[in-house]
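Undergrad: Read the sequence shown against UniProt numbering and you will find it ends at 189, with the numbers running on by one and no gaps. C-beta atoms are modelled at their ideal positions from N, C-alpha and C, and glycine is treated no differently.
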Amino acid sequence: MPRQPRILPQQGFLHVMCRGNNRRKLFRTPTDKRKYRSLLIEFKQEDKIQIHHYCLMGNHHHLMLSLGQESNLPRFMKRVNLQYFFYYRYHRSYSGHLWQGRYKSKLILNYPYLLQCGKYIELNPVSVGLTVSPKDYEFSSYRFYAFGQKDDLIDINPYYLELNTDQAARQLNYQDLFVDEIAEKNIKI
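Here's what the structure looks like:
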């Protein structure tokens with residue numbers, strides 16, 4: 001029986017997730033994560049995708065992105081994941097399915113939830129115990145927003161700009177968004 005077609009909005013924000021088949025590790029080394037990140041950068045402009053938040057974990061990844069009138073998310077995800085599969089297969093002598101089914105996507109309807117979704121994505125490494133603080137995790141968008149670290153993958157979350165008109169104050173406000181959550185988990189920011 002064929003799959004149901006994916007219903008995507010012509011414009012809007014989405015939380016996109018991909019997982020390794022049978023929860024297999026997709027990214028075994030920092031080099032693997034850098035490769036996947038470079039593929040996201042390479043194809044996002046061609047397919048007119050804006051990526052606002054991301055986190056590359058060991059066996060899955062999260063992206064918060066926005067689509068415009070001419071965006072092609074299915075083609076974007078297919079190209080990125082297929083190119084990464086070829087890379088992975090070559091470097092790991094791997095055969096079989098790498099990805100667990102299609103990517104999952106959830107429409108973000110509430111504008112203020114844009115930062116909440118980003119926060120959820122960037123706290124992922126902390127939640128599973130990989131790091132003590134989101135600032136310690138290299139492969140997420142947290143350092144871009146909280147400290148202004150350059151990141152060619154990121155297109156600024158429009159709601160982030162509303163935190164303050166001054167860049168330094170905006171970064172501090174962004175860090176403050178994480179304080180309650182981190183304190184609740186007894187984590188140091």
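Based on DSSP bridge pairs, tell me the residues matched to Q50.
TA: By one-based count along the sequence shown, residue 50 stands at place 50. Answer is S66.
Undergrad: Considering only their Cβ atoms, is the gap separating G148 from Q167 smaller than 9 Å?
TA: Within the sequence shown, the letter at position 167 stands for residue 167. Within the sequence shown, the letter at position 148 stands for residue 148. Taking 9 Å as the Cβ cut-off, Q167 and G148 qualify as a contacting pair.
Undergrad: Hey, how far is the Cα of S133 from the Cα of L40?
TA: The residue labelled residue 133 in the question sits at position 133 within the sequence shown. The residue labelled residue 40 in the question sits at position 40 within the sequence shown. So the two alpha carbons sit approximately 25 Å from each other.
Undergrad: On the DSSP letters alone, give me the boundaries of the beta strand (DSSP E) that I16 sits inside.
TA: Here residue 16 refers to the residue found at position 16 when the sequence shown is read from its first residue. One detail in the question is off: residue 16 reads as Val in this sequence, not Ile. Note, V16: beta strand (DSSP E), 12-19.
Undergrad: Nearest to N173 by alpha carbon, out of K78, L115, S71?
TA: Looking up residue 173 in the sequence shown gives position 173. If we check each option's Cα against that of N173, L115 comes out closest.
Undergrad: Using the Cα positions of E46 and Q69, report the straight-line distance between them to the nearest angstrom.
TA: Position 46 of the sequence shown, counting from 1, holds the residue named residue 46. Position 69 of the sequence shown, counting from 1, holds the residue named residue 69. So the two alpha carbons sit approximately 13 Å from each other.
Undergrad: Straight-line CA distance for residue 215 to Q171?
TA: What the structure shows of the chain is the stretch from 1 to 189, and residue 215 is not part of that stretch, so it cannot be assessed.
Undergrad: Rounded to the nearest angstrom, what separates N81 and P30 at their Cα positions?
TA: In the sequence shown, counting from the first residue as 1, residue 81 sits at position 81. In the sequence shown, counting from the first residue as 1, residue 30 sits at position 30. Going by the C-alpha atoms only, they are around 17 Å apart.
Undergrad: Quick check: the Cα distance between E138 and V126, rounded to an integer number of angstroms?
TA: The residue given as residue 138 occupies position 138 in the sequence shown. The residue given as residue 126 occupies position 126 in the sequence shown. The alpha-carbon atoms of E138 and V126 are separated by roughly 12 Å.
Undergrad: How far does the alpha helix (DSSP H) with L115 in it extend, from its first residue to its last?
TA: Taking the first residue of the sequence shown as position 1, residue 115 is located at position 115. Element bounds for L115: 113-122.
Undergrad: Smallest Cα separation from Y111: which of N157, S95, G101?
TA: Translated into the one-based positions of the sequence shown, residue 111 becomes position 111. If we check each option's Cα against that of Y111, N157 comes out closest.
Undergrad: How close, in whole Å, do the beta carbons of L14 and S105 come, if the pair is a contact with beta carbons under 8 Å?
TA: As a position in the sequence shown, residue 14 is number 14, starting the count at 1. As a position in the sequence shown, residue 105 is number 105, starting the count at 1. The pair is a contact, with the Cβ atoms about 5 Å apart (cut-off 8 Å).
Undergrad: Taking the alpha carbon of M57 as the point to measure from, which residue in I108, S71, Y36 has its own alpha carbon closest?
TA: For the purposes of this step, residue 57 is taken as the residue at position 57 of the sequence shown. With distances taken between Cα atoms, M57 lies closest to Y36.
Undergrad: Identify, in the order they occur along the chain, each residue of the same chain with its Cβ nearer than 7 Å to the Cβ of I187, setting aside the five sequence neighbours on each side.
TA: Residue 187 sits at position 187 when you count from the first residue of the sequence shown. Residue placement at I187 is poorly supported in this model, since its pLDDT is 47, which falls under 50; the coordinates still yield a value, given next. Only V126, V132, S133 meet the Cβ criterion.
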